Amino acid sequence: MNITKYLERMNYAGTIDVKADVLTRLHKQHVHLIPFENLDIYYNRVFDLNIERVYKKIISDVRGGFCYELNLLFNWLLNEIGFSSRIIASRIFNENGTLGPKFDHMSVYVKTEKEFLVDVGYGDLFVTPIEIKSGVQSDGRNYFRIDRWNQREYVVSMSPDGIDYSRRYTFSLDVVKVEDFDSICLDKQTNPNSYFVKNIICTKPTETGRVTIFNNKLIEKDGELRIEKPIQTEENLIKYLKEDFRIVIR
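So the number in the numbering used here is just where the residue sits in the sequence shown, counting from 1, plus 63.
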């Protein structure tokens, strides 16, 4: 596992030190260059959270991953650089407004001169870290709030206009281990009712929008413009993965 190769994978050429502005640049490069995707689940490849396996997949094999993989690996990078960071447990709000179980999602807590919530593995959330404090914040694309949910958890809310907010997930700063996520990680890969079993997803932000594969569509957003292209065959899928995400399935 090599820091230099990791930084090359995300096309990062800036300075490396333990400062908030470096954290911001690393986070932004990561989400732009390393997509959120669940292709291993689509191809029925069950995987674990062994950090060396995750590194090989995302860095050596030039793939993306889903939340546990992306945030686990990014936390490793931050620790190697010298940041005070650790993985934390989050619970995502479902479409009906109910919260998922503990360890439903993995995020990262980073402490520099300030405290930050870091997440390069949600799919479509903030592109730069947000500070764990009250009040409205922006990543230049959307607006965010972090509020107290209960005595142990915070809640992250997102808004496109800074007026109407929707809750995304809760998170706790309690200390957790990678092994705590193993059971639900497996369930998300194998349960027929899992969102990730039911759907094919590959997505990343662009400088002016977002490009996404969702089931049988390639969706390109550029400002207010939205273009959808059908994915009718496996060959179409492979073509778009290579052209739009630089992903080659091996």
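All C-beta atoms, glycine included, are put in the ideal place defined by N, C-alpha and C.
All of these numbers come straight from a predicted model, not from anything done at the bench.
Original post:
At a cut of 8 Å, does the region 285–297 reach the region 202–215 through at least three beta carbon pairs?
Top reply: no
Original post:
Based on Cα-Cα distance, which residue from PRO98, LEU112, TYR232 and SER197 lies nearest to GLY160?
Top reply: TYR232
Subject >> Close beta carbons around LYS174, own chain, < 6 Å, minus the five adjacent residues each side >> reply: Its chain contains SER147 as the residues whose beta carbon lies nearer than 6 Å to that of LYS174, once the 5 sequence neighbours on both sides are disregarded; these appear in chain order.
**OP:** Could you tell me the boundaries of the beta strand (DSSP E) in which SER246 lies?
**Re:** From DSSP, SER246 is part of no beta strand (DSSP E) but of the alpha helix (DSSP H) over 245–253.
**OP:** Would you please verify whether the beta carbon of SER257 is less than 7 Å from any beta carbon of chain D?
**Re:** The structure shown contains no chain D; it holds only a single protein chain.
Original post:
On the three-state DSSP scale, how would you describe ARG88?
Top reply: helix
Subject >> Same chain, Cβ closer than 8 Å to MET169, neighbours up to 5 away in sequence not counted >> reply: Excluding positions up to five away in sequence, the list reads CYS130, TYR131, ASN134, LEU135, ILE150, ILE151, ALA152, SER153, GLY184 and PHE244.
**OP:** Look at ILE276 and CYS265 and say whether their C-beta atoms are less than 7 Å apart.
**Re:** yes
Original post:
Within the chosen definition, does the region 100–110 reach the region 138–145 through at least 3 CB pairs nearer than 8 Å?
Top reply: Of all C-beta pairs linking the region 100–110 to the region 138–145, fewer than three are shorter than 8 Å, placing the two stretches out of contact.
Original post:
Of the choices ASN74, LEU86, ASP227 and TYR258, whose alpha-carbon is the least far from that of GLU158?
Top reply: TYR258
Subject >> Closest Cα partner of VAL274 within the set GLU306, VAL260, PHE156 and ASN74 >> reply: GLU306
Original post:
What residue from SER220, ASN213, GLY163 and LEU162 has the CA that sits closest to LEU180's CA?
Top reply: When only C-alpha atoms are compared, the closest one is SER220.
Original post:
Does the distance from the C-beta atom of HIS95 to that of PRO268 stay below 7 Å?
Top reply: yes
Original post:
Which same chain residues, not among the five before or five after LYS68, have their C-beta less than 6 Å away from its C-beta?
Top reply: ILE122
Subject >> Which listed residue (PRO98, ASP80, LYS302 and VAL171) has its alpha carbon closest to that of VAL241 >> reply: If we check each option's Cα against that of VAL241, VAL171 comes out closest.
Subject >> According to DSSP, residues forming a beta bridge with MET169 >> reply: ALA152
Subject >> Start and end residues, alpha helix (DSSP H) containing VAL117 >> reply: 114–118
Original post:
If ILE314 sits next to ILE195, beta carbons under 8 Å apart, how far is it from one beta carbon to the other, in whole angstroms?
Top reply: Residue 314 is absent from the model: the chain starts at 64 and stops at 313.
Original post:
Based on the DSSP output, what are the partners of ARG273 in its beta bridges?
Top reply: The partner list for ARG273 (beta bridge, DSSP) reads PRO268 and LYS284.
Original post:
So the beta strand (DSSP E) THR233 belongs to, where does it begin and stop?
Top reply: Start and end: 229–235.
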